[in-house]
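S.K.: Going by the working numbering, the letters in the sequence shown line up with residues 861 to 1120, in that order.
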Amino acid sequence: MKPSVFIGEMPWPDYAARIDSGEAVVLLPVGALEQHGHHMGMNVDVLLPTAVCQHVAERIGGLVAPALPYGYKSQQRSGGGNHYPGTTSLDGATVTATVQDIIRELARHGVRRLALLNGHFENSMFLVEGIDLALRELRLGGIADFRIVVLSYWDFVDDPDVIARLYPDGFDGWDLEHGGVFETSLMLALHPDLVDMDRVVDHPPATFPPYDVFPPDPSRTPDPGTLSSARSASREKGDLILDVCVRGIASALETEFGAG
């Protein structure tokens, strides 16, 4: 059997041995099933954090738990909206309860160090709520040494020089990067067989008012579902993003957990 960092691919005795000391860092990718335009599938928000977790785990000697493939409802100004066929979302309470349950189970196994890597912006506060409830529950059960780090991989791409290399014609902001250059480039680096650049719809960046209206007006989202054009995406840009994210996240976990 080939060695793997993925918990789901490991026999249970091997997993138990890895976490026995309580020092192992487990990474949990959290994503969504959400449309990403005409040129990519709907599992981008699962594939990308899972791949980043794999690279980080290999770097620091960690383990990767099976990803959560569903997330909170797509919002119009960050994901195009929840009205597209295929986008399949959970209520916030379900996301929170699922995260809480997983943390409880990992603690029962003996895990004491956990990193949640979010791949879907809308999940953010529901992950925090699940963590808060889980830690409160664990403390009441006598477990007070469980530590958790929450990260979103895009937050590590903050160097102006890197951003200039990714967007030489100007950067419109992270809020319009749904299905755009950033995610498409990373997919070209990690899963090029799942990207069809011939189907990219080249369109101006979406424009939204600085507020939300419910129910959303679907006409405010560009027809393809992307919020900016992915036309200038490339594998080279994806390799750069991957390198920056993996190094940054590994460093963060080494700082917080003493891992690596």
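From the three backbone atoms N, C-alpha and C, an ideal C-beta is built for every residue, glycine too.
1. Between which residues of its own chain and I867 is the CB-CB distance below 8 angstroms, once the five residues before and five after are set aside?
2. Compute the beta-carbon to beta-carbon distance between A1090 and G1039, rounded to the nearest angstrom, for a pair I have assumed lies under 8 angstroms.
3. Assuming R878 is part of the alpha helix (DSSP H), what are its boundary residues?
4. Are A1049 and G979 close, meaning C-beta to C-beta below 7 angstroms?
5. Could you give the DSSP three-state label for N983: helix, strand or coil?
6. Do the stretch 933 to 945 and the stretch 958 to 978 touch if we need at least three Cβ pairs shorter than 8 angstroms?
7. Whose CA, out of V916, L928, P945, lies closest to the CA of G897?
8. Which runs of the alpha helix (DSSP H) fall wholly inside the stretch 1040 to 1077 and span at least 4 residues, in chain order?
9. Whose C-alpha, out of A1112, M902, R964, is nearest the C-alpha of S1012?
10. For a test of the three-state rule: what should DSSP assign to I1109, helix, strand or coil?
11. Tell me, please, whether the stretch 1069 to 1087 touches the stretch 897 to 909 by the rule of three or more beta-carbon pairs shorter than 8 angstroms.
12. Using a Cβ-Cβ cutoff of less than 7 angstroms, which residues in the same chain neighbour H969 once the five nearest sequence positions on both sides are dropped?
13. Per DSSP, F1031 forms a beta bridge with which residues?
14. Check the C-beta distance from A967 over to F1031 and give it rounded, since I have them as a contact under 8 angstroms.
15. With H, G and I counted as helix, E and B as strand and the rest as coil, what does DSSP make of Y932?
16. Quick check: what's the CA-CA separation for R1059 versus E1043?
M.R.: Based on what the coordinates show:
1. Y875, V886, L923, V924, A925, P926
2. Between A1090 and G1039 a beta carbon distance of about 6 angstroms is seen, short of the 8 angstroms cut, so the two are scored as contacting.
3. 872 to 879
4. Their beta carbons are not under 7 angstroms apart, which means A1049 does not touch G979 by this criterion.
5. helix
6. no
7. P945
8. Taken in chain order, the complete alpha helix (DSSP H) segments of 4 or more residues contained in the stretch 1040 to 1077 are 1041 to 1050.
9. Of A1112, M902, R964, the smallest CA-CA separation from S1012 is found for A1112.
10. helix
11. yes
12. I879
13. The partner list for F1031 (beta bridge, DSSP) is empty, contrary to what the question assumes.
14. In this structure A967 does not touch F1031 by the C-beta definition: roughly 41 angstroms separates them, more than the 8 angstroms allowed.
15. strand
16. 15 angstroms
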